[in-house]
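Numbering follows the working numbering, with no gaps: position 90 of the sequence shown is 102.
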Amino acid sequence: MKPGEVICGNTPRILNQGQETRCLSVENRGSRPIQVGSHFHFFEANRFLAFDRQAAFGFRPDLPSGAAIRFEPGERKEVHLVRIGGKGAVFGLNRLTDGQTHPDSLPRALDKARSAGFLEEQSA
Numbered sequence: 013m014k015p016g017e018v019i020c021g022n023t024p025r026i027l028n029q030g031q032e033t034r035c036l037s038v039e040n041r042g043s044r045p046i047q048v049g050s051h052f053h054f055f056e057a058n059r060f061l062a063f064d065r066q067a068a069f070g071f072r073p074d075l076p077s078g079a080a081i082r083f084e085p086g087e088r089k090e091v092h093l094v095r096i097g098g099k100g101a102v103f104g105l106n107r108l109t110d111g112q113t114h115p116d117s118l119p120r121a122l123d124k125a126r127s128a129g130f131l132e133e134q135s136a
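Right under this line is the structure:
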């Protein structure tokens, strides 16, 4: 065994089992690649990512800890999201939420995103 090594055994691990999830179509309309980490509040992701930000409020990428999703310029892909756990508090990042991801917080966060030029699309 190596220092820090974790041996999980042969039992499959199911991440985020029983948590609320959703899938959104996301397009990078910027000129540079964009990466979003596993615990980033997706609503606050890079302003050049076009997607339904309202539907992403309170959600993060459904990825293992430490993983990220990468978008090349012009690339569109489906992104699986999972509800942020715990108290749903989000601070920092792009400072659009800075508090609870409760539905009452959404209008203020959307106004801040729109004022700052964050792209958005409506889901069909």
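Glycine residues also receive a C-beta, built at the ideal position from the N, C-alpha and C atoms.
Fair warning: this is a prediction, and the values are worked out from it, not measured in the lab.
Residue interval of the alpha helix (DSSP H) (run including residue i)
| i | result |
| --- | --- |
| Gln-66 | 65 to 68 |
| Pro-119 | 118 to 127 |
Pair within 8 Å by beta-carbon distance, residue i and residue j
| i | j | result |
| --- | --- | --- |
| Asn-40 | Pro-85 | yes |
| Ala-101 | Phe-55 | no |
| Phe-71 | Arg-34 | yes |
| Leu-27 | Ala-67 | no |
| Ser-43 | Leu-75 | no |
| Pro-130 | Arg-59 | Residue identity differs from the one stated: residue 130 is Phe in this sequence, not Pro. The answer is yes: Cβ separation under 8 Å. |
| Ala-125 | Arg-65 | yes |
| Leu-61 | Val-38 | yes |
Span of the beta strand (DSSP E), counted from its first residue to its last, around residue i
| i | result |
| --- | --- |
| Ala-80 | 80 to 83 |
| Ile-96 | It is not in any beta strand (DSSP E) - Ile-96 carries neither H nor E in the DSSP assignment. |
| Phe-52 | Unbroken run through Phe-52: none, as it is neither H nor E. |
| Pro-207 | Nothing about residue 207 can be read from this structure; the chain reaches only from 13 to 136. |
Strand pairing of residue i, partner residues [DSSP]
| i | result |
| --- | --- |
| Lys-89 | Val-38 |
| Leu-61 | Asn-40 |
| Gln-112 | Ala-101 |
_Three or more C-beta pairs below 8 Å linking the region 108 to 126 and the region 76 to 88_ = By the Cβ rule, the region 108 to 126 does not count as touching the region 76 to 88, because fewer than three pairs are nearer than 8 Å.
*Mind listing, in chain order, the continuous beta strand (DSSP E) runs of no fewer than 3 residues lying wholly within the region 13 to 41?*
Counting whole runs of 3 or more residues, the region 13 to 41 contains the beta strand (DSSP E) stretches 33 to 40.
*Can at least three beta-carbon pairs, one atom from the region 104 to 111 and one from the region 88 to 96, be found at a separation below 8 Å?*
Two segments are said to touch when three or more pairs of C-beta atoms, one from each, lie closer than 8 Å; by this definition the region 104 to 111 does not touch the region 88 to 96.
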